[in-house]
Amino acid sequence: MTSFLIDKVSASLRGTSSDSPMGYQERQQTASITVFPSLEKTITNKQTSDWDLRHLLNRTTNGFTISQTDIYSKTTQSALNELRKLSGLTWEQLARLFNVSRRSLHFWASGQPISRFNEETLHRLLGTLQYINRGSAEVNRKILLNSYHKAQIPFDLLVAGRYEDVKNLLGYGNVSKRHQLMPLSEEESTLRKPHKPDELVDALQDPVHHNVGRSHSIRAARSSKRDRKS
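Heads up, the final residue of the sequence shown is numbered 1589 in the numbering used here, and it's a clean run with no missing numbers.
Okay, structure coming up:
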């Protein structure tokens, strides 16, 4: 197709004078017909290449986003569970801290995405509970719901987002960490293992004999007078 148009342009140029207006129009018209298919083909190829590139980038980006979402959801689930265990609060009370419905909390706990604002609130609440932790969920719940100086209730302060005020009001929990037991050495573990049944075979398989029949009563032996004199 391209060679046919080039030949047509060459024939037009040879048959028409360069000084004639018709020659100029014919050359211009023929040249436009020749260039247009080439331009269209180039644009089409570029659009196709761009579309393939965007498609590849979208696939890569979507794959990366899913991976990040999975990581964030696991972090959210872990933080939410720890907050519930530390505070001892019900789902309804926790929902008030976020100003959301209880259903939203269940969605987050099941791995559904959470907004950045609520995620920040979650970690600030968790940090506050870890600071005032008394070592028991029941005790933590009690101090959060009790009334203190000037009728301030820590739970209401948390609802209002006044986390530092709660820390100042309740103070540091100062929970002593449990001492971690050191693992036993191999030698010590071997010594503490129970004996094998084969080693106790004599003790286990010895028959136990019972005297069948009339039992005799035990009588005390009496010393005779002769034994006393001697």
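We treat Cβ as the ideally placed atom computed from N, Cα and C, and that holds for glycine.
Same chain, Cβ closer than 7 Å to residue 1492, five either side skipped, listed in chain order: What you label residue 1492 is simply residue 133 of the sequence shown in a count that begins at 1. These residues qualify, in order along the chain: 1445, 1499, 1532, 1534.
Distance between beta carbons of residue 1525 and residue 1487, contact taken as under 8 Å: Locating residue 1487 in the sequence shown gives position 128, counting from the first residue. Locating residue 1525 in the sequence shown gives position 166, counting from the first residue. Contact holds; Cβ gap of about 6 Å.
Could you give the first and the last residue of the continuous alpha helix (DSSP H) run that contains residue 1526? As a first step, residue 1526 is located in the sequence shown; it is residue number 167 there, counting from the start. Segment 1522-1529, the alpha helix (DSSP H) holding residue 1526.
From the DSSP output, in three-state form, read off residue 1448 for me. Taking the first residue of the sequence shown as position 1, residue 1448 is located at position 89. Three-state DSSP puts residue 1448 in coil, outside helix and strand.
Residue 1599 to residue 1546 span [Cα, whole Å]: The structure shown does not extend to residue 1599, since the chain is modelled only from 1360 to 1589, so the question has no answer here.
Would a C-beta distance cut-off of 8 Å place residue 1602 and residue 1528 closer than the cut-off? Nothing in the structure corresponds to residue 1602, since the chain is present only between 1360 and 1589.
For residue 1437, which option in 1455, 1510, 1471 has the closest C-alpha, if you only look at C-alpha atoms? Reading the sequence shown from its first residue, position 78 is the one you call residue 1437. For the residues 1455, 1510, 1471, the minimum Cα distance to residue 1437 belongs to 1471.
Can you tell me whether residue 1542 is helix, strand or coil according to DSSP? Counting from 1 along the sequence shown, the entry for residue 1542 is found at position 183. It is coil, neither helix nor strand.
Whose CA, out of 1523, 1468, 1453, lies closest to the CA of residue 1433? As a working mapping, residue 1433 is identified with position 74 in the sequence shown. Across the set 1523, 1468, 1453, the C-alpha of 1468 shows the shortest separation from the C-alpha of residue 1433.
With DSSP run on the structure shown, which of helix, strand or coil describes residue 1492? As a working mapping, residue 1492 is identified with position 133 in the sequence shown. Note: residue 1492 maps to coil in three-state DSSP.
So which of 1455, 1530, 1548 has the shortest CA-CA distance to residue 1507? To locate residue 1507, count along the sequence shown from 1; it is residue 148. Nearest neighbour of residue 1507 by Cα position, chosen from 1455, 1530, 1548, turns out to be 1530.
Judging by CA-CA distance, which residue of 1473, 1447, 1519 is the nearest neighbour of residue 1497? Counting from 1 along the sequence shown, the entry for residue 1497 is found at position 138. The shortest C-alpha separation from residue 1497 is found at 1447.
Going by DSSP in three states, residue 1498 sits in which element: helix, strand or coil? Numbered from 1 along the sequence shown, position 139 holds the residue referred to as residue 1498. Correct three-state label for residue 1498: helix.
Rounded C-alpha distance that separates residue 1451 from residue 1548: Sequence index remark: in the sequence shown, residue 1451 carries index 92 (1-based). Sequence index remark: in the sequence shown, residue 1548 carries index 189 (1-based). Approximately 49 Å, taken between the alpha carbons.
Going straight from the alpha carbon of residue 1550 to that of residue 1494, what length do you get? In the sequence shown, the residue the question calls residue 1550 occupies position 191. In the sequence shown, the residue the question calls residue 1494 occupies position 135. The alpha-carbon atoms of residue 1550 and residue 1494 are separated by roughly 36 Å.
Comparing alpha-carbon positions, which option in 1439, 1553, 1552, 1542 lies nearest residue 1489? The count along the sequence shown starts at 1 and reaches residue 1489 at position 130. The residue with the shortest Cα to Cα distance from residue 1489 is 1439.
I think residue 1435 touches residue 1473, with their Cβ atoms under 8 Å apart; what is that distance to the nearest whole Å? Within the sequence shown, residue 1435 is the residue found at index 76, counting from 1. Within the sequence shown, residue 1473 is the residue found at index 114, counting from 1. Residue 1435 to residue 1473, Cβ: 5 Å. Contact.
Check for me: the alpha helix (DSSP H) holding residue 1463 runs from which residue to which? Position 104 of the sequence shown, counting from 1, holds the residue named residue 1463. Looking at the DSSP string, the run of the alpha helix (DSSP H) that includes residue 1463 is 1461-1468.
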